[in-house]
Amino acid sequence: MRRLGALYRKEMQYYFQSTTAYVMIGSFLALSGYFFYSIFRYYNFMSLQVSRDPSIGAGLNLIDGVMRPLMSNMSVVLLFALPLLTMRLLAEEKKQGTFELLLTYPLSDIEAVMGKYLAAVTLFVIMLAGTLLYPALLAVYSKPEMGPLLTSYLGLFLMGCTFIAMGIFFSALTSSQIVAGAATFGISLFFLIIGWAAPFVGPVFSKVLSQFSILEHYDSFAKGIIDLQDVTYYLFITVFFLFATLRFLESPHWRS
Amino acid sequence: MIQTENLTKYYGATVGARNLSFHVERGEVLGFLGPNGAGKTTTMKMLTCYLPPTGGTAKVCGFDILDQSMEVRRRIGYLPERNPLYGDMSVRGYLEFVARIKDVPPHEASGEVDRVIERCGLQAVPHRTIGKLSKGYQQRVGIAQAILSDPELLILDEPTIGLDPKQIIEIRQLIRDLGREKTVILSSHILPEVSQVCNRVIIINRGELIAADTPENLRARLTKSAVIRLRLRDAAETPRASAIIESIDGVLSIREEPETGGTRVFTVESLPEKDIREEVVRRLVREGLPLLEIHREELSLEDIFLQLVTEEVS
Numbered sequence: 001m002r003r004l005g006a007l008y009r010k011e012m013q014y015y016f017q018s019t020t021a022y023v024m025i026g027s028f029l030a031l032s033g034y035f036f037y038s039i040f041r042y043y044n045f046m047s048l049q050v051s052r053d054p055s056i057g058a059g060l061n062l063i064d065g066v067m068r069p070l071m072s073n074m075s076v077v078l079l080f081a082l083p084l085l086t087m088r089l090l091a092e093e094k095k096q097g098t099f100e101l102l103l104t105y106p107l108s109d110i111e112a113v114m115g116k117y118l119a120a121v122t123l124f125v126i127m128l129a130g131t132l133l134y135p136a137l138l139a140v141y142s143k144p145e146m147g148p149l150l151t152s153y154l155g156l157f158l159m160g161c162t163f164i165a166m167g168i169f170f171s172a173l174t175s176s177q178i179v180a181g182a183a184t185f186g187i188s189l190f191f192l193i194i195g196w197a198a199p200f201v202g203p204v205f206s207k208v209l210s211q212f213s214i215l216e217h218y219d220s221f222a223k224g225i226i227d228l229q230d231v232t233y234y235l236f237i238t239v240f241f242l243f244a245t246l247r248f249l250e251s252p253h254w255r256s
Numbered sequence: 257m258i259q260t261e262n263l264t265k266y267y268g269a270t271v272g273a274r275n276l277s278f279h280v281e282r283g284e285v286l287g288f289l290g291p292n293g294a295g296k297t298t299t300m301k302m303l304t305c306y307l308p309p310t311g312g313t314a315k316v317c318g319f320d321i322l323d324q325s326m327e328v329r330r331r332i333g334y335l336p337e338r339n340p341l342y343g344d345m346s347v348r349g350y351l352e353f354v355a356r357i358k359d360v361p362p363h364e365a366s367g368e369v370d371r372v373i374e375r376c377g378l379q380a381v382p383h384r385t386i387g388k389l390s391k392g393y394q395q396r397v398g399i400a401q402a403i404l405s406d407p408e409l410l411i412l413d414e415p416t417i418g419l420d421p422k423q424i425i426e427i428r429q430l431i432r433d434l435g436r437e438k439t440v441i442l443s444s445h446i447l448p449e450v451s452q453v454c455n456r457v458i459i460i461n462r463g464e465l466i467a468a469d470t471p472e473n474l475r476a477r478l479t480k481s482a483v484i485r486l487r488l489r490d491a492a493e494t495p496r497a498s499a500i501i502e503s504i505d506g507v508l509s510i511r512e513e514p515e516t517g518g519t520r521v522f523t524v525e526s527l528p529e530k531d532i533r534e535e536v537v538r539r540l541v542r543e544g545l546p547l548l549e550i551h552r553e554e555l556s557l558e559d560i561f562l563q564l565v566t567e568e569v570s
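From first to last, the protein sequence lines are chains S and R. Numbering-wise (my numbering), the first sequence opens with residue 1 and increments by one. Numbering-wise (my numbering), the second sequence opens with residue 257 and increments by one.
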């Protein structure tokens, strides 16, 4: 545990000393702030319309009108941002040769991978925590429903953890950061849009595809529902990629 | 300390190491000698549990490198070939990180880091960024992380490569000092280094072990004749001197080197069991020949190495 902590601390230090953290958090908050601003202005405009003609106002509320579109925009930004956070985790150490040294210390593979994984997750949580400013602003002027707000944050958190697990897996496969980042981006985007083909592939495959879709499982969180099936889905993908990473690191032992 | 049996590593079809069996005793400083690509690094990587062997076994500090790798890794300090370091960390920050990773108890960690900083002469730079230090200092940091937590066995892969002559001397001195308390294996293709620092040498070529002995024994084993070189001040006296030396008992051959600045050097080969130096000096001086210098040639490790490696090839 102490060894895991040592690695975790080193990674956090790197994030903050190398300005990675500031650039990531800063640009993520700037982008999501811009989304918040434009969505909120649109919501404002719609509210004025409704005050003139109440018949179009059915279902207009802060959660569905502001937070849901905001969160779905943020999930797309995360799709771009998180691979940048994870691509160097193992690839850089492999390239520099420090990974070899790390593996000759009395440190188990699982400690090495989890130390790094948790560091990336922490930075992601800090990014996400910064966006709590927007619902807080809403709460100053109005009373948004807390339940759906919390569940949609939980959903976004789980989604991010999944992306990060994919990222660390690809970072373990290669010593090139670019390759790791691009592959992570590709696979996460694929998981995000895999459901798009669902309407055209017949009833069985349609079910399969939509069950694999990251977006599909996010939907219920956004509506304020914590469905065990969705939580299981995210945890399963996360654990799967972390497990694959460990198996890959061990591979010299069973391949030779 | 180390016991290997038929240690073998193939990279696909390429041989990294083949049937290496050797042992290292506690307290020894062992040199791994071989041309580039001979399998020195591969062997070290197997001993540090980084690369699993394709065949054979090795025990390090009494533990199997495959089945008890955690126990092995607790007991070794390793300096890999290119000395990989985290360039963006400070010296002290890095060593504190290593102390935590190596399970040094929290209340001892700070003292242990101080100890290795002092041991490796890093007192002047503990807060500097590693990436901005000179190569010599970086090498010291590499050795510092290896000796941190006081392991029984140090494995140093080409510890002096890429350093300037002054730094090389300093690092060698450091390794010699460490060799007094610990078992050390170091690899090198620089031969004088090995003969200066190590008390036993293993020579590998193309993945196979071709010799394992002390530098002195290797030298004796390969000395088929004794060679002395002598210099005469007056080159004009060459024929007379040649005749005198030839008449001495045990001389096998004489070679006259080209004249330099009026002096002449002779290379004289004789039977190894007889030292002819005394006789040569006495006879030449008695004849009034101007002898400037005389010395016995020793086979350098360089010659031994070349001989062994070429024998292997032919």
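C-beta atoms are modelled at their ideal positions from N, C-alpha and C, and glycine is treated no differently. All values derive from a computational prediction rather than experimental measurement.
Between the alpha carbons of Leu548 of chain R and Gln452 of chain R, how many angstroms are there, rounded? Distance between the alpha carbons of Leu548 of chain R and Gln452 of chain R: 29 Å.
When DSSP builds the beta bridges, which residues end up paired with Val280 of chain R? R:Ile258, per the DSSP bridge assignment.
From S:Pro252, S:Leu85, S:Ser251, S:His217, residue whose alpha carbon lies closest to that of Leu235 of chain S: The option with the nearest alpha carbon to Leu235 of chain S is S:His217.
Using a Cβ cut-off of 7 Å, pull out every chain S residue sitting near Cys305 of chain R, in sequence order please. Within 7 Å Cβ-Cβ: Thr104.
Pick from S:Ile194, S:Asn61, S:Ala165: whose alpha carbon is nearest that of Ala180 of chain S? Cα-wise, what sits closest to Ala180 of chain S is S:Ala165.
Pick from R:Ile424, R:Val372, R:Thr385: whose alpha carbon is nearest that of Gln401 of chain R? Here the closest residue by C-alpha is R:Val372.
Between which two residues does the beta strand (DSSP E) carrying His551 of chain R extend? Segment 547-553, the beta strand (DSSP E) holding His551 of chain R.
DSSP three-state label for Gly272 of chain R, please. Here DSSP, grouped into helix, strand and coil, assigns Gly272 of chain R to strand.
Report the residues of the region 351-369 of chain R with a CB closer than 7 Å to any CB of chain S, ordered along the chain. So the list reads Phe353, Arg356, Ile357, Lys358, Asp359, given in the order they occur along the chain.
Where does Ser570 of chain R sit, in a helix, a strand or coil, going by DSSP? Confidence in Ser570 of chain R is poor, its pLDDT being 48 and thus under 50, which makes the residue's placement unreliable; the coordinate value appears in the next sentence. In the three-state DSSP reduction, Ser570 of chain R falls in the coil class, being neither helix nor strand.
Length of the line joining the Cα atoms of Ile254 of chain R and Ala314 of chain R: The question about residue 254 of chain R has no answer, for chain R in this structure spans 257 to 570.
For the region 163-186 of chain S, list every residue whose C-beta sits within 7 Å of some C-beta in chain R, in sequence order. Listed in sequence order: no entries.
For Asn339 of chain R, does the count of other Cβ atoms within 10 angstroms reach 16, so buried, or fall short, so exposed? For Asn339 of chain R, the number of other beta carbons within 10 angstroms of its own is at least 16, and it is reported as buried.
For Phe100 of chain S, return the contacting residues in chain R, with the cut-off set at a CB-CB distance below 8 Å. Inspection of the sequence shows that residue 100 of chain S is occupied by Glu rather than by Phe. Ordered by position in chain R, the residues that pass the 8 Å Cβ test against Glu100 of chain S are Lys301, Tyr306, Pro336, Pro340.
Going by DSSP, which residues form a beta bridge with Phe36 of chain S? Beta-bridge pairing links Phe36 of chain S to no other residue.
Would you say Cys376 of chain R and Arg396 of chain R are within 7 Å of each other, going by their C-beta atoms? At the C-beta level, Cys376 of chain R and Arg396 of chain R come within 7 Å of one another.
When you compare the region 199-217 of chain S with the region 117-125 of chain S, are there three or more beta-carbon pairs, one atom per stretch, that lie closer than 8 Å? Output reads no: the region 117-125 of chain S does not touch the region 199-217 of chain S.
Got a sec: which bits of the region 3-31 of chain S sit with their beta carbon under 9 Å from any beta carbon on chain R, in order along the chain? For the region 3-31 of chain S, which is checked against every Cβ of chain R, the residues closer than 9 Å are Arg3, Gly5, Ala6, Leu7, Arg9, Lys10, Gln13, Tyr14, Gln17, Ser18.
6 Å CB neighbourhood of Ser570 of chain R in its chain, flanking five on each side removed: Because the pLDDT of Ser570 of chain R is 48, which lies under 50, any placement of that residue in the model is unreliable, and the number read from its coordinates should be weighed accordingly. Excluding five sequence positions before and after Ser570 of chain R, none of the CB atoms of its chain fall closer than 6 Å to its own CB.
Classification of Asp594 of chain R by the beta-carbon crowding that lies within 10 angstroms, buried from 16 upward: Limits of chain R in this structure are 257 at one end and 570 at the other, which puts residue 594 of chain R out of reach.
Between the CA atoms of Tyr43 of chain S and Asp64 of chain S - distance to the nearest angstrom: C-alpha separation (whole angstroms): 10 Å.
Within-7 Å CB hit, Gln96 of chain S to chain R: Yes, contact with chain R.
Please classify Met326 of chain R: is it buried, with 16 or more other beta-carbons within 10 angstroms of its beta-carbon, or exposed? With fewer than 16 Cβ atoms within 10 Å of its Cβ, Met326 of chain R is classed as exposed.
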